[in-house]
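Colleague:
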Amino acid sequence: MVVIFYLSSAVAVAATILAVTRVGVVHALLYLIASLLAVAILFFTLGAPFAAALEVIIYAGAIMVLFVFVVMMLNLGERALAQEKAWLRPRVWIGPGLLALVLLGESLYVIGQGAHTPYRVAVTGPEAVGATLYGPYALAVELASLVLLAGLVGAFHLGRHALHGGPRDGERPQ
200 MVVIFYLSSA
210 VAVAATILAV
220 TRVGVVHALL
230 YLIASLLAVA
240 ILFFTLGAPF
250 AAALEVIIYA
260 GAIMVLFVFV
270 VMMLNLGERA
280 LAQEKAWLRP
290 RVWIGPGLLA
300 LVLLGESLYV
310 IGQGAHTPYR
320 VAVTGPEAVG
330 ATLYGPYALA
340 VELASLVLLA
350 GLVGAFHLGR
360 HALHGGPRDG
370 ERPQ
């Protein structure tokens with residue numbers, strides 16, 4: 200399990216660096232998903248299967264769907280469409296595909312070993328997580344939801360101007 204932990208850590212760091220350094224938004228999102236899945240494996244190897252499930256469901260699932268929705272909503276036009284077609288060549292998928300295969304192999308190994316971890320950890324259930332999130336951390340949860348809402352409103356505002364030929368950066372509205 201220690202080898203899986205370190206291998207998953209390396210995948211998470213590599214995928215995060217690649218997500219930050221990619222110019223294309225779609226590539227960055229693919230690497231970010233690989234990074235989030237690697238972090239879920241880290242949680243699982245540390246004896247927190249519920250946290251791992253939350254990582255996959257909330258971050259790699261719901262938040263990434265939100266990001267893809269914003270990218271689609273911005274719809275940058277024909278130039279972006281041509282660029283996306285160039286991105287969909289098979290060689291582009293080599294990096295994310297290799298990272299995904301490493302994570303798949305780790306996941307199958309960990310599942311095959313069972314939930315045996317060399318660490319002494321306490322199991323935290325959904326009730327304790329919910330009580331903590333909506334107890335002492337309720338304000339932080341609400342602030343995080345407001346930040347996500349502000350990002351969505353900002354993306355809508357940018358996308359609306361791009362679609363309707365509105366004012367660009369530095370221009371004044373008529």
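Add 199 to the 1-based position in the sequence shown for the working numbering, that's all there is to it.
Glycine is no exception: its CB is placed at the ideal position from the N, C-alpha and C atoms.
All values reported here derive from a predicted model rather than from experimental measurement.
(1) Could you please give the first and the last residue of the uninterrupted alpha helix (DSSP H) stretch that includes L297?
(2) Among F243, R221 and V222, which one has its Cα closest to the Cα of L307?
(3) Select from L345, G296 and S234 the residue whose C-alpha is nearest the C-alpha of S208.
(4) Please classify L245: does DSSP put it in a helix, a strand, or coil?
(5) Going by the beta-carbon positions, is the gap between L298 and V267 smaller than 8 Å?
(6) Taking its Cβ as the centre, do 16 or more other Cβ atoms sit within 10 Å of G246, making it buried, or is it exposed?
(7) State the Cα-Cα distance for the pair A218 and V291, rounded to the nearest angstrom.
(8) Could you check which residue in A214, L231, T220 and V238 has the C-alpha nearest to that of F204?
Modeller: So, from the listed chains and residues:
(1) First-last of the alpha helix (DSSP H) with L297: I293 to Q312.
(2) That would be F243, whose Cα lies nearest to the Cα of L307.
(3) Ranked by Cα distance from S208, the first of L345, G296 and S234 is S234.
(4) Three-state DSSP puts L245 in coil, outside helix and strand.
(5) Not in contact: L298 and V267 (Cβ atoms no closer than 8 Å).
(6) Burial call: buried.
(7) In a straight line, the C-alpha of A218 is about 14 Å away from that of V291.
(8) Looking at the Cα atoms, V238 is the closest of the given residues.
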